[in-house]
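Trainee: Below you will find the structure I want to go over with you.
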Amino acid sequence: MAVLSNYTWVPWCCAVVAFFCAFGIGANDVANAFATSVGSGALSLRSAILIAAVMEFFGAFLLGGNVATTITKNITNAELYSDKPEVLMLGMMCVVLGVAMWLILATIYSLPVSTTHSCIGGMVGMAVVSLGWGAVKWVEVLKVVASWVISPVLSGVISTLVFWVVRKFILRSKEPLKRSFQSYPIIVAVTIALNLFLVLYKSESLNIQLPAWMTGLICIVVGLVVGIILQFTFIPYVKRKINREKEKEAAELAVKETQVEVEMVSTMESIPVQVEVKPEEQKEVKPEEKKETMADHFKEHQNIHAELEDEKSKVYQMHKNAEVFDPSTEKMFTYLQIITAVFNSFAHGANDVANAIGPFAACVAIYQTGNATGDATVNPATLVLGGVGIVVGLACLGYKVMAAIGVNMVKVTPSRGFSIEIGSALVIIFGSTLGLPLSTTHCKVGSTVGVGLVEGKNGVNWSLLYGVFAGWIITLFVCAISTGLIFAFAIYSPKL
Numbered sequence: 037m038a039v040l041s042n043y044t045w046v047p048w049c050c051a052v053v054a055f056f057c058a059f060g061i062g063a064n065d066v067a068n069a070f071a072t073s074v075g076s077g078a079l080s081l082r083s084a085i086l087i088a089a090v091m092e093f094f095g096a097f098l099l100g101g102n103v104a105t106t107i108t109k110n111i112t113n114a115e116l117y118s119d120k121p122e123v124l125m126l127g128m129m130c131v132v133l134g135v136a137m138w139l140i141l142a143t144i145y146s147l148p149v150s151t152t153h154s155c156i157g158g159m160v161g162m163a164v165v166s167l168g169w170g171a172v173k174w175v176e177v178l179k180v181v182a183s184w185v186i187s188p189v190l191s192g193v194i195s196t197l198v199f200w201v202v203r204k205f206i207l208r209s210k211e212p213l214k215r216s217f218q219s220y221p222i223i224v225a226v227t228i229a230l231n232l233f234l235v236l237y238k239s240e241s242l243n244i245q246l247p248a249w250m251t252g253l254i255c256i257v258v259g260l261v262v263g264i265i266l267q268f269t270f271i272p273y274v275k276r277k278i279n280r281e282k283e284k285e286a287a288e289l290a291v292k293e294t295q296v297e298v299e300m301v302s303t304m305e306s307i308p309v310q311v312e313v314k315p316e317e318q319k320e321v322k323p324e325e326k327k328e329t330m331a332d333h334f335k336e337h338q339n340i341h342a343e344l345e346d347e348k349s350k351v352y353q354m355h356k357n358a359e360v361f362d363p364s365t366e367k368m369f370t371y372l373q374i375i376t377a378v379f380n381s382f383a384h385g386a387n388d389v390a391n392a393i394g395p396f397a398a399c400v401a402i403y404q405t406g407n408a409t410g411d412a413t414v415n416p417a418t419l420v421l422g423g424v425g426i427v428v429g430l431a432c433l434g435y436k437v438m439a440a441i442g443v444n445m446v447k448v449t450p451s452r453g454f455s456i457e458i459g460s461a462l463v464i465i466f467g468s469t470l471g472l473p474l475s476t477t478h479c480k481v482g483s484t485v486g487v488g489l490v491e492g493k494n495g496v497n498w499s500l501l502y503g504v505f506a507g508w509i510i511t512l513f514v515c516a517i518s519t520g521l522i523f524a525f526a527i528y529s530p531k532l
């Protein structure tokens, strides 16, 4: 076991860089998860940030696990560094730095990219520079390349089918609201079962020994129980609430009509009187200046629906031409989107937070043990660092990716958003059980495009989609090259 006391600065520097990496994950990866919920109006940006702040932490601490399966073991053989653990430790810091730079840059340009693929690219660059081309497990890299097609295509097909069924049997029925009430318990049961299975299956720390079919059966039973309970509690409440809202809207409309009539009568009876005012008596009235608060600043600059304010924009025309459904029926799907957003955030905290900070955890573990082949234990302080960085990143820059996926790519309403989330969740679940190399980011984008195509080819912003796909391809190369250059500079620079 090597003594690495001379390299204390490496894990400390890596901690700082890891915070910015978590910042990028929050701004890009987590923002992508909330894009459809915020874009459809089911959640406000502030609500999404609050949910992420709570559920990411709960997921990380309760189900985050003690051991992070670091990307090191999947892409390169750590045993090759057994006689020089300090090189691998420094390499992990360079990987975190390269990934952080790319995630933040991609977010600034509104490109949703895969955090895992970014880390894999960084590991490839570091391994090639340090040990040559033979140090990389290229079969695993080819799986990543395959996922560029597998993930979005599968998700797009499933989400298209889900939205087609919802549109045909609920949204386009003669009484869509009544039909939504009738089918709501079933939809809730499916939503709960899928999301619960996703959380349980992705959370490796639970160490569930049951076979997948048994876990699925338990989730279905839980979903059915929740659906039945809501049928006798939540549905009557929603019916009363919708009826009250309709009565309120009718009353407000009647008041407005009365006000218009009164104004017309007043205008006809009034006689304009012109009063001459001497120039010296005229005074310039200056409007009262209003100081901009921090909340006003964020509201103005983080408006994800900004493109819809320009009637000449492609996004405005795309939204205008999309089919419009009954507002009350659409509102029923907002609750399902909120449920899905909560589960997704919890699952992300349970699994992806620990894996995303895996290189940092590996760096700390190597320093503490002097061993390059050991498991990287994720301590609570590391999870706190990652959690705080994620929430800050989502709050500061998350609106960019949310706008791209939730507003500018296709028109997302609660019913469409529900179909997107269910479709992507289904593919992630079954893809994971079959061992397919799927990316949650790619699944979400594929589902979004699939639902948009239901409106026809004009239902998708193709120029934006091409840019996103190009971002997926260059992610691996950008992270590999940037990390390789950083690592080469750090390891081969002449000593002073």
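Here the numbering used here is used: the sequence shown runs in plain steps of one and ends on residue 532.
For every residue, glycine included, the Cβ atom is placed at its ideal position computed from N, Cα and C.
Would you give the residue range spanned by the alpha helix (DSSP H) that Met445 belongs to?
Mentor: Premise fails: Met445 is in no alpha helix (DSSP H) and is neither H nor E.
Trainee: Let me know if Leu230 comes out buried or exposed under the rule of 16 or more other beta-carbons within 10 Å of its beta-carbon.
Mentor: Buried, because 16 or more other Cβ atoms sit within 10 Å of the Cβ of Leu230.
Trainee: Quick check: the region 136-147 against the region 111-121, are there 3 or more CB pairs under 8 Å?
Mentor: These segments do not touch.
Trainee: Measuring straight from C-alpha to C-alpha, what distance separates Lys210 and Met354?
Mentor: Cα to Cα, the separation comes out at about 26 Å.
Trainee: Let me know the secondary structure DSSP gives Val496 once reduced to three states.
Mentor: In the structure shown, Val496 sits in coil (DSSP, three-state: anything other than H, G, I, E or B).
Trainee: Which residue wins for smallest C-alpha separation from Leu234, given the options Leu260, Gly263, Val274, Val378?
Mentor: Answer by Cα proximity: Val378.
Trainee: CB-CB under 7 Å to Phe93, same chain, minus the five flanking residues each way: which ones, in chain order?
Mentor: Counting only Cβ-Cβ distances below 7 Å, and skipping sequence neighbours, we find Gly385, Gly423.
Trainee: Quick check on Thr44: does DSSP put it in helix, strand or coil?
Mentor: The answer is coil: DSSP assigns Thr44 none of H, G, I, E or B.
Trainee: For the alpha helix (DSSP H) containing Leu433, name the first residue and the last one.
Mentor: Looking at the DSSP string, the run of the alpha helix (DSSP H) that includes Leu433 is 416-439.
Trainee: Quick one: what's Val172 bridged to in DSSP?
Mentor: DSSP, once it has assigned bridges, lists Thr112 as partnering Val172.
Trainee: Going straight from the alpha carbon of Thr106 to that of Val172, what length do you get?
Mentor: Caution applies to Thr106, whose pLDDT of 48 falls short of 50 and renders its modelled position unreliable; the model cannot decide the point.
Trainee: Which same chain residues end up closer than 6 Å to Val400 when comparing Cβ atoms and leaving out the 5 residues on each side of it in sequence?
Mentor: If we look at Val400 and ignore the five residues flanking it on each side, its Cβ neighbours are Pro47.
Trainee: Find the nearest neighbour of Gly75 within the set Phe523, Gly434, Leu501, judged by alpha-carbon distance.
Mentor: Nearest C-alpha to Gly75: Gly434.
Trainee: With a CB to CB cut of under 8 Å and the five nearest residues on each side skipped, what residues in its chain are close to Leu79?
Mentor: Cβ neighbours of Leu79 beyond the five flanking positions: Phe70, Ser73, Ile87, Gln373, Ile374, Ala377.
Trainee: Of the residues Leu139, Thr152, Gly158, which one's Cα is nearest the Cα of Met128?
Mentor: When each option's Cα is compared against that of Met128, the closest is Gly158.
Trainee: Going by C-alpha to C-alpha distance, which of Glu288, Leu253, Val52, Ala358 sits closest to Arg452?
Mentor: Answer by Cα proximity: Ala358.
Trainee: With three or more C-beta pairs closer than 8 Å as the rule, is the region 119-127 touching the region 147-156?
Mentor: With the cut-off at 8 Å, the region 147-156 and the region 119-127 do not touch.
Trainee: Have a look at Thr269, Ser187, Leu213 and flag the residue whose alpha-carbon is nearest the alpha-carbon of Gly486.
Mentor: Taking only the C-alpha atoms, the option nearest Gly486 is Ser187.
Trainee: Roughly how far, in whole angstroms, is the beta-carbon of Ser483 from the beta-carbon of Gly459, given that I think they are within contact range, below 8 Å?
Mentor: Ser483 to Gly459, Cβ: 4 Å. Contact.
Trainee: Taking the Cβ atom as the reference point for each residue, do Ala250 and Ile340 lie within a distance shorter than 7 Å?
Mentor: Per the sequence shown, the amino acid found at residue 250 is Met instead of Ala. No, they are not a contact pair.
Trainee: So, with DSSP's three-state summary, where would you put Pro395?
Mentor: Reduced to three states, the DSSP call for Pro395 is helix.
Trainee: Alpha carbon to alpha carbon, how far is Val90 from Ser41? Give it in angstroms, no decimals.
Mentor: Straight-line Cα distance between these residues: approximately 37 Å.
Trainee: Tell me the rounded alpha-carbon separation between Ser349 and Trp200.
Mentor: So the two alpha carbons sit approximately 28 Å from each other.
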